[in-house]
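Chemist: All residue numbers for the sequence shown refer to my numbering, where the first residue is 176 and numbers rise by one.
Glycine residues also receive a C-beta, built at the ideal position from the N, C-alpha and C atoms.
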Amino acid sequence: MPANEKNQEISVSDLLLYINCPRRVYFVSRGFELFPEINASRLEKMLLKELSLNYPEIVKKCSLNADTMREELEAALSQAREDLPIMFPKEFAHTENGFLEEGNARARAKIPEIAANLIKGLEEFGKDAMLAALTPVKTEPIISSERLNLKGSPSKIVCFEGVNVPSIIRPGSCPLQGVWASDRIHVASLALLLEAESGKEIPFGFVEYVSFGIVRKVVIRSSDRREVLKICRRVEKIKAGFMPEKTEEKFCPECTFSEHCVSESSLMSKFF
Ligand code: SF4
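#1: Touching or not, the stretch 207-223 and the stretch 360-378, by the rule of three or more beta carbon pairs under 8 angstroms?
#2: Which value, in whole angstroms, describes the spacing of the CA atoms of residue 265 and residue 274?
#3: Can you tell me whether residue 433 sits near the ligand SF4, meaning its C-beta is under 8 angstroms from at least one heavy atom of the ligand?
#4: From 196, 216, 335, pick the residue whose C-alpha is nearest to that of residue 390; which is it?
#5: Given a threshold of 16 other Cβ atoms within 10 Å of its Cβ, counted over all protein chains shown, does residue 361 qualify as buried or as exposed?
#6: Would you give the residue range spanned by the alpha helix (DSSP H) that residue 407 belongs to?
#7: Enumerate in chain order the residues of its own chain whose CB-to-CB distance from residue 176 is below 7 angstroms, with the five nearest sequence positions on each side excluded.
#8: For the beta strand (DSSP E) holding residue 327, just list the boundary residues, first then last.
#9: What is the DSSP secondary structure of residue 391, reduced to helix, strand or coil?
#10: Near residue 454, what residues of its chain come up, given a Cβ to Cβ distance below 6 angstroms and the 5 sequence neighbours on each side ignored?
#11: Contact between the stretch 341-360 and the stretch 396-415: three or more CB pairs below 8 angstroms?
#12: Could you say which of 230, 353, 202 lies nearest to residue 380 if we only look at CA atoms?
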């Protein structure tokens, strides 16, 4: 690419796609839809995300009372179930009502474990630390850096130990210890963006595993920063037209693009 040609801006969501499978970046950058339909599993995750936005209020109110906490979580989930179709009208336009009920039932089944883990967190870290880690000072701000050619939006920015740090909401599974490698890169990329904006070092961030009521701190290492920069450069190349090798097979059976992603030569014949 000529030195004066500007790279297409990349986003943190591109980096996450790349971690799943580099080819997904290629397809999405060419207008293919990643999630063409809403199903019960996706609705469960959307409901749990909305529910988690109530955790600070609920933790503040309930302290160590498990029964009250469960009741408050149930009430907040019912509200989220009512609000979801209003918040996402486009997504719900072609969604069967049964999916929402199934997603709601699945999310509701998680409440006892969420309540137990929130209480465990309160006992282990104390109410002030839990509230600081959960309470947003900003929700879903868009941050960008010209220098990094990157933009992104943390689920929240929270103020912990006097530092504003990124926090991401993950509705999927939770590792036994620490955070998943992809979540580490996610938090690190947002920390780099926040640093570019604030001019201050961001030494850590948080991952909220909302289906479990668990919040984990991630210390950002130099190796995480290096990995983010490396992935950024690779994503830029893909968005400029480079087709990556088909390396990751484990996501293929459920991948939206599997029908288009046979091999490089047959793929090219579909386009040209
Ligand atoms: S089908 Fe497999 S290789 Fe192709 S984009 Fe999907 S996950 Fe990647």
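Modeler: Quick answer:
#1: A contact is defined here as three or more CB-CB pairs under 8 angstroms, and the stretch 207-223 fails this definition with respect to the stretch 360-378.
#2: In this model, residue 265 and residue 274 are separated by some 15 angstroms (Cα to Cα).
#3: Yes.
#4: In terms of CA proximity to residue 390, 335 leads the group 196, 216, 335.
#5: Its Cβ being crowded by 16 or more others within 10 Å, residue 361 is buried.
#6: Residue 407: member of the alpha helix (DSSP H) spanning 397-414, first to last residue.
#7: Low local confidence applies: a pLDDT of 46 at residue 176 is under 50, so the model's placement there is unreliable, and no value is given.
#8: Element bounds for residue 327: 325-327.
#9: Of the three classes helix, strand and coil, the one that applies to residue 391 here is strand, per DSSP.
#10: As displayed, the chain neither begins before 176 nor continues past 447, which places residue 454 out of reach and without an answer.
#11: Counting Cβ pairs under 8 angstroms, three or more are found: they touch.
#12: Selection 230, 353, 202 evaluated against residue 380 yields 353 as nearest (Cα-Cα).
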